[in-house]
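K.L.:
Sequence positions in the sequence shown follow my numbering and run 354 to 470.
C-beta atoms are modelled at their ideal positions from N, C-alpha and C, and glycine is treated no differently.
This is the structure, below, for whatever I ask next.
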Amino acid sequence: VETYRARVYKRISELLARDGLEIVELDQGRLAQEVAYLADRSDITEETARLRSHVAQFRAAIAEEGDTGKRLDFLLQEFNRESNTVLSKSTDLAIKEAALAIKAAVEKLREQVQNVE
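Dropping the structure here:
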């Protein structure tokens with residue numbers, strides 16, 4: 354939260370400086386609201402929980418006998434969807450790189466899954 358607070362404060366300062374102004378007094382309540390909004394909007398807890406669930410389901414499907422190709426393909430679609438959501442929510446470079454790595458791995462796996470019946 355403190356990182357978000359610093360980021361919002363810096364952005365406000367930059368916008369004001371562009372117009373030759375500076376922060377005289379900042380409404381701390383309003384800043385707290387903006388920080389809370391930004392923190393909530395960029396929270397990826399649900400997406401990471403779903404990704405963990407998809408990994409477990411993917412492993413279980415691989416271990417099963419029989420027709421698992423469609424199920425694996427569906428799970429890969431879900432990996433891709435969650436990765437896209439993480440990319441759109443996050444402003445952290447390391448998190449974005451991890452999400453892009455997931456997307457790259459999904460594409461490689463998709464090629465392999467096409468051969469599974």
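In the structure shown, what three-state DSSP assignment does aspartate 420 receive?
P.N.:
The answer is coil: DSSP assigns aspartate 420 none of H, G, I, E or B.
K.L.:
Between Tyr357, Glu399, Glu375 and Ile397, which has its C-alpha nearest alanine 385's C-alpha?
P.N.:
For the residues Tyr357, Glu399, Glu375 and Ile397, the minimum Cα distance to alanine 385 belongs to Tyr357.
K.L.:
If you drop the 5 nearest sequence neighbours on each side, which residues of the same chain put their C-beta closer than 7 Å to that of valine 469?
P.N.:
Cβ within range, chain order: Thr421, Gly422 and Leu425.
K.L.:
Determine the direct distance from the alpha carbon of alanine 392 to that of lysine 456, and round the result to whole angstroms.
P.N.:
So the two alpha carbons sit approximately 24 Å from each other.
K.L.:
Check each candidate in Leu374, Ala389 and Ala414 and name the one with the smallest Cα separation from valine 361.
P.N.:
Ranking Leu374, Ala389 and Ala414 by Cα distance to valine 361 puts Ala389 first.
K.L.:
Answer yes or no: do lysine 461 and serine 395 have a C-beta to C-beta separation smaller than 8 Å?
P.N.:
No, the pair does not count as a contact, with Cβ atoms beyond the cut-off.
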